[in-house]
Amino acid sequence: MGEIQLMKGNEAIAEAAIRAGCDAYFGYPITPQSEILEYLAAANPEKRTGMIVLQAESELAAINMVYGAAAAGKKVMTTSSSPGISLMQEGLSYMAGAQLPGVIVNVVRGGPGLGTIQPSQSDYFQSTKGGGHGDYRLLVLAPASVQEMSDHVKLAFDLAFKYRNPVLILTDGLIGQMMEKVELFDPVPRSKTLPDWAACGKKGRPHNIITSLHLDAYEHEKMNQKLKEKYALMQKNEVRYETYYCEDADYLIVAYGASARISQKTVTLARNRGIKLGLLRPITLFPFPSEAIARLAAQLNGILSVEMSHGQMVEDVLLATRQYPALRVEHFGRFGGVVHTPEEILEAFIKLFIQLN
Amino acid sequence: MGEIQLMKGNEAIAEAAIRAGCDAYFGYPITPQSEILEYLAAANPEKRTGMIVLQAESELAAINMVYGAAAAGKKVMTTSSSPGISLMQEGLSYMAGAQLPGVIVNVVRGGPGLGTIQPSQSDYFQSTKGGGHGDYRLLVLAPASVQEMSDHVKLAFDLAFKYRNPVLILTDGLIGQMMEKVELFDPVPRSKTLPDWAACGKKGRPHNIITSLHLDAYEHEKMNQKLKEKYALMQKNEVRYETYYCEDADYLIVAYGASARISQKTVTLARNRGIKLGLLRPITLFPFPSEAIARLAAQLNGILSVEMSHGQMVEDVLLATRQYPALRVEHFGRFGGVVHTPEEILEAFIKLFIQLN
Amino acid sequence: MESTDIIKPENLVYKRSRLMTEQPLSYCPGCGHGTVTNLIAEVIEELGIESEVIGIAPVGCAVTVYDFIAIDWIGAAHGRATAVATAVKRVLPDRYVFTYQGDGDLAAIGTAETIHACNRGENITIIFVNNGIYGMTGGQMAPTTLEGMKTSTCPYGRDVNMQGPPIDITRMIAVLSGTYYVTRQAVHTPAAVRKTKKALLKAFELQKTNKGVSFIEIVSNCNSGWKMSPVDANRWMEEKMFKIYPLGDIKVDGKMLV
Amino acid sequence: MESTDIIKPENLVYKRSRLMTEQPLSYCPGCGHGTVTNLIAEVIEELGIESEVIGIAPVGCAVTVYDFIAIDWIGAAHGRATAVATAVKRVLPDRYVFTYQGDGDLAAIGTAETIHACNRGENITIIFVNNGIYGMTGGQMAPTTLEGMKTSTCPYGRDVNMQGPPIDITRMIAVLSGTYYVTRQAVHTPAAVRKTKKALLKAFELQKTNKGVSFIEIVSNCNSGWKMSPVDANRWMEEKMFKIYPLGDIKVDGKMLV
Amino acid sequence: MTDEIIIAGFGGQGVLSMGKIMAYAGMMQEMYVSWMPSYGPEMRGGTANVTVILSEEPVSSPILRNYDTAIILSQQALDKFEPLVRKGGTLLYDSNGIIRVPQRNDIQIYSIDAAAEAARLKSLRTYNMIMLGAYLRLKPLLKIDNVQSAIKKSIPARYHHLFEENMKALDRGMKMIEEVLCH
Amino acid sequence: MTDEIIIAGFGGQGVLSMGKIMAYAGMMQEMYVSWMPSYGPEMRGGTANVTVILSEEPVSSPILRNYDTAIILSQQALDKFEPLVRKGGTLLYDSNGIIRVPQRNDIQIYSIDAAAEAARLKSLRTYNMIMLGAYLRLKPLLKIDNVQSAIKKSIPARYHHLFEENMKALDRGMKMIEEVLCH
Amino acid sequence: MAIEGTVVVEIDRCKGCGLCIEACPQHVLDFADSKVNIKGYRYVVLTSAGCTGCTNCAIVCPDRVLTIYRKKEA
Amino acid sequence: MAIEGTVVVEIDRCKGCGLCIEACPQHVLDFADSKVNIKGYRYVVLTSAGCTGCTNCAIVCPDRVLTIYRKKEA
Ligand SMILES: Cc1ncc(C[n+]2csc(CCOP(=O)(O)OP(=O)(O)O)c2C)c(N)n1
Ligand SMILES: Cc1ncc(C[n+]2csc(CCOP(=O)(O)OP(=O)(O)O)c2C)c(N)n1
Ligand code: SF4
Ligand code: SF4
Ligand code: SF4
Ligand code: SF4
Ligand code: SF4
Ligand code: SF4
Ligand SMILES: [Mg+2]
Ligand SMILES: [Mg+2]
């Protein structure tokens, strides 16, 4: 069994990065995730594993540093929160276009604009549909506990290199700031070799070029076709989700991250009242567990998408259940930094699905 | 009748801004839209109307200049192309959060990354779902001709001030670079008064504050609720679209902008072959003409969403037709800078819908 | 100490500016931001320009300064205050426009906007509170953090070999011909406060003459971030900060002082 | 002119670097970018470091320089080359890392990244081609455009009152202690080319000593953007550009020259 | 058994570390625990509070609207959290500086003068341990052994003398509340 | 009648303005017209080309894969566009500098030595007008009056002498192609 | 007369930073003995006569807690 | 012997910018009379004897069109 610790989600991310053999971290302070950079600065990973930690002059610089280290074939991470992630959109599009691996963590706070520093889930669209320009996708992981904050970092690096694609960990101020128990995985040594596509000095091979530019549109279309196929492959192979009381469910909550852990309690409350409510928690937001939801749809009377937002993931739930037009799919969520309680989710659920029936 | 000219789409945008009484333009060069700034620089609008034209040091600076001039109550515009628009995502989120009017033009090129400078429609998600952080929406207009490049600028300013929301004109290198006939609207004088919410010196009233910050989450949720209602109002009142041969259509193409004008020819080709194909062209992408599509859905055997992208708008078409699960909705589009021909759209359509049936 | 005979309107020699709202300042006890905020209000009041002035608030501890001074304000995105100010001044050239920014805001993320607004010679006043740290976010290293100084992101002290030396952005912009008046002040003693107030008065007055940027750096304490008492923080500031950021005018009437 | 007796391997005194690929350069006829590109290849070849060097390409006319010199390259986003280089050098400290950037890239959109990489003293070489214009996008005004000079976005000439004067970013970064060698060169005459080559050699060699940034500005023509013949453009450059951007070393061995 | 606790006061009073010790002790006895601070700009010299949940079941939300127990260290905190204690819940506060005492009669209310006691012990920073001691006596969920280990864990090795001081304070807190309880 | 035209050569040969004059003339006679340049970095000293559509119907895509007419001013352009002319279409090229002549026999091919003629006329920049004249004679869609107005419009007032030169070149082009046609 | 000036303290605005105490040339300011205001801060009071109304304390006070009066020379 | 050096021109690489002509101290380079290369550019040739193989032309040529040979002093 790994080392047990009581840790903040943010700290777990930082410690996991060191343990996952991350080569470099570049970041810029922003609440509610500054503990990640602070933990890394204090942990002195340069001594522990040789990992580089550098505070950049901005998020813009940070994501382009990530681009650089990734282009050199290294395991690299950055973290920020909503406004800072918006500043990275050009860089993320470049990484996707140049097919570079890398881990980006968004500890979401309430937007739009400067908004509030309280937790939110309103960056779902940006994360899953591509906030930057062009046809690209990030692989998006949504941890729901401090444990997963740690585990997903390792998973994210693996997936990033498997697909040569940036992986986004979409979490929020609630999970970032809370402490709970975490079992840390054993450290993985930093890689001593560099991938053969990396721009790291061309010793013994033709020169490598990392770029997302193709002046010729047909060339560029070919590249885009390759990306399209890659995203399809992710959809085929990388869907991850968890179900809870779904076998006999008449109703389903779909919720990720913080909303999922809160909704789990709602399920208990509902079951106590004799309502057969289940929970499906997407762990990957892209690829989205559409098929799993569709499989359940036949048995369901209704689905509630619970998100701390105006309702974004609900569109993916609607798309997933297109074959069931009679199935009501609704959204409930507090937003703008307010976190819903299990009880109010239940109330909303009853109002939407039970009282009206 | 207004003045008739042969103009590039980009030039039409610039000339229309001057005529619409725009107070200020801030921008940064990028292909394929640099003609807008160049036209404005040459037209000397400072003399013509007093309009300010300033080349910013970056798109980041430009969007924040737009934010500033808008906060001061002025009619302001910026233009860019895909990578530059990605850099503006934080600023756009701030504008939406602070409820500022302003016109942003994206002359899209192929992405992701540096991509290519050839035309594309792959920034649909970014534009319509919010590429920046937080729950917000831009009102998105999609001109399909040089004439509309001119007309939409005026419309965009009107809508921006009506809703105190940024309006995005989503066009592409094809329409930006092409010349065709345009009838210019008569110049509107620049406004002499400033809106009462503007931060422009508090003469005779309590002081105004333009901000998107609410430290208290409940305050911020209230603000978000207001935004949500505003977006719902737009969905109610501002949907715009055009239909072409839809009355008796068995099949429908949904396409906007450049793809729509190309698809119009496809409709003719199909009709010539006895296929009852129609075209619905969304003019507003947000709000999306979902109801109009749903109304047609009952009579249709299939819908083809034609976009120069991997398939983005097709999700909105699928959502619009949820009540018709048997209705096949497919996407066709060249991408990465390649523009489809009317003929290849027809071929794709026949392959997808006719041969298989 | 009963002194009711003194407390009469005609004996009043100092009270806070009428432009200050009732809202208590959000700054930590003893923070220089409070003094700077009040001085700005006093200067605007004295110049009688409260209806013609637009302040651009930063993201930093002064983010809610708009709640404290009753003038029109625009809250800028982190680092972009000078871009916002550029636009406001260009569209409203007869107004007074100023930014209020911290060192992270102005000299890290906002470097490009700062330098280019100064290079263009925008007719604005830039008020720059340099406390050598990111106060608002909890005391991280700023570009202006001193060598060896400990912050939450350089807990073993800033290592100039890894993170570079503290940057003197004020000297960098002073060489640009777009800046007309550049000075470095402080607010830790009554004398310093009086000087800073004069500098602020001058800076605002200069906007009428359209001569370019007036730039007031104020070296200030962040006692919370530095983890010192306010009094100790000011002492440390005098000892350490002023060595790297010496007070005084840098450029006057468009001319560099040597 | 038949000279077959001279054309023998043993008589060869100059041919283009073997590191240059067969791909014809995409630059306009007579553009200084071509000479700079070739010089970089020559210097890398001479130093024998082709397997240990990573170039960071800009967005600008040199965007496809990676097709011309057969070394490992990374194409950066517009303006971000020094941020990319920072990371590459930090994760691969034993490699040679350099950026190749234009004036729009380095001194407009990339200002913050340029200044902070220089301030941190990254051990990289920055090669900065200053042609006073945005060449690639069709000749728009750059921050370095001369006063009165006409470009497509200042068709009546740059008005310094509205757009600011040309910025001398090289002097600005030279005062930072993170830069060790800063020089301004050109490539319009054989003598200038030889000097530039020496400067480049020195810049790359310095990377071994870990002393910080070596920064080579090369004042160059953009005859297309300037709308002149190449020969006229070089003449105009000598007359006008060198006045504002005088050639020569600015900082050597970490010391400013006066 | 479960306890959903808010600890609230000013920054510098040791609110966060008190919570962390409780969560750590809970974790050692195989409870599900969570610790969730209020975070943000209000930290600056202002209020500080943390929600600690000690539970037999997995914790859903670490942010709560209502609490079983409130441990209150300032007037502001009292004003804010008194109404949020669940009916039948417990409110423990330090009487120092409290000018408006709690009014509810549907909850258990206890107060001790911990600040004064810490001053008397000449160990101002063990103030929070006095409050913790009082809590432990009121709600005996956490085993003292585990609390002791948690405190040890939270003090850097080189400050070991502080450990003794802290334990003494903990003990004082328990005693003080006993006196109150005996009334 | 409709003509879908590609005009291709080097930057500086007046390719874009020739296209613009054609589109403008078409617009004046109430045709639907579009003018679409290739744009981008290859403009730098390299190739330049423009697609002009003159049509009785609204123009769908201004970008085409195939053309009715190709007006070709360089070898590179000839190599690229010869295969893209529709069967039965027209290819008009300037013979100057052409070392590999067109090979297709399913299209009409014409060539004139416009560059030499322009040199002879001592009016190098009217080169494109010679080609335009030849086109107008080959495909009589556009009325000369309208072309004349379009040329006038495209020349700044202060350069009015250039107008005469241009008209002369236009005329020369028509004559030259007539000579070819008479063969 | 000894008292030439005096200070009015808005107690609940004071944050107890002590900067005014440090700045007073007459040393007539100090914290009110171990008392705190509504926000829990120690706060400042005039502890003895001798205030000259010089305003030093007021202008270094970040929170402008202090209002100063000075008797006009008759 | 008069010819000490010579130049080999890769004609199709030349862009006709003329910088080498300008740079040659011997004035032995010029454009080939009204001819163009495959890309339509005028190109440079050695027009007379006198090349010293100084390499000036080669190193100012942005496209490195020219290869230079110089006879070794015997
Ligand atoms: C884009 C973005 N990045 C980061 C932040 C987080 N942030 C808020 S204030 C701040 C720094 C404040 O430091 P400074 O400018 O020195 O002001 P101070 O608080 O010290 O006065 C940061 C990094 C943000 N709000 N937005
Ligand atoms: C974010 C972004 N903004 C703008 C552009 C468009 N762009 C490409 S190159 C360039 C400027 C090139 O000028 P410079 O850096 O001086 O290089 P030069 O071509 O003159 O060598 C611009 C603005 C871009 N590609 N990306
Ligand atoms: S954190 Fe520092 S700068 Fe911010 S208010 Fe507190 S003392 Fe002032
Ligand atoms: S546009 Fe200018 S900088 Fe670019 S290749 Fe041509 S001459 Fe050189
Ligand atoms: S006014 Fe002057 S003398 Fe009086 S208390 Fe204040 S500082 Fe002291
Ligand atoms: S300076 Fe102001 S806030 Fe500080 S102790 Fe004095 S009166 Fe109170
Ligand atoms: S090598 Fe020297 S002499 Fe010979 S052609 Fe070149 S420049 Fe002239
Ligand atoms: S310098 Fe090079 S490209 Fe230019 S004319 Fe001479 S050989 Fe040709
Ligand atoms: Mg600061
Ligand atoms: Mg340039």
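Residue numbers (this note's numbering), protein chains in the order written: chain A, 2 to 358; chain B, 2 to 358; chain C, 3 to 260; chain D, 3 to 260; chain E, 356 to 538; chain F, 356 to 538; chain G, 45 to 118; chain H, 45 to 118. Yeah, the Cβ is synthetic: ideal placement off N, Cα and C, and Gly gets one too.
Cβ-Cβ separation, residue j to residue i (assumed contact under 8 Å), whole Å
i, j, result
"Phe354/B", "Arg329/B", "7 Å"
Cut-off 8 Å between Cβ atoms - residues of its own chain near residue i, not counting five sequence neighbours on either side
i, result
"Asn521/F", "Thr481, Met484, Ile506 and Ile510"
Residue i and residue j closer than 8 Å at C-beta
i, j, result
"Ser5/D", "Glu44/D", "no"
"Arg110/B", "Gln122/B", "no"
"Asn212/C", "Asn125/C", "yes"
"Ile19/B", "Met52/B", "yes"
"Ile71/D", "Met22/D", "yes"
"Leu185/B", "Gly74/B", "no"
"Leu301/B", "Leu281/B", "no"
"Ser87/B", "Ile31/B", "no"
Per-residue DSSP class, three states only, for residue i
i, result
"Asn302/B", "coil"
"Ile547/E", "Nothing can be reported for residue 547/E: it is not among the residues displayed for chain E, which extend from 356 to 538."
"Gly116/B", "strand"
"Met398/E", "Because Met398/E carries a pLDDT of 49, less than 50, the predicted location of this residue cannot be relied on, and the following value inherits that uncertainty. The answer is helix: DSSP assigns Met398/E an H, G or I state."
"Leu228/A", "helix"
"Trp390/E", "strand"
"Arg237/D", "helix"
"Gly227/C", "helix"
"Pro232/D", "helix"
"Glu12/A", "helix"
Same chain, Cβ closer than 6 Å to residue i, five either side skipped, listed in chain order
i, result
"Met138/C", "Gly62 and Cys63"
"Ala425/E", "Ile361, Phe436, Val440 and Leu446"
Proximal chain J residues relative to residue i, where beta-carbon distance stays under 8 Å
i, result
"Ile65/G", "Of the protein chains in the structure, A, B, C, D, E, F, G and H, none is chain J."
Beta-bridge pairing of residue i - partner residues as DSSP gives them
i, result
"His332/A", "Ser306/A"
"Ala79/C", "DSSP lists no partner for Ala79/C."
"Thr357/E", "Answer is none; Thr357/E lacks a bridge partner."
Other residues of its chain near residue i: CB distance less than 7 Å, five sequence neighbours each side excluded
i, result
"Ala349/B", "Phe333"
"Ile453/F", "Gln430 and Leu433"
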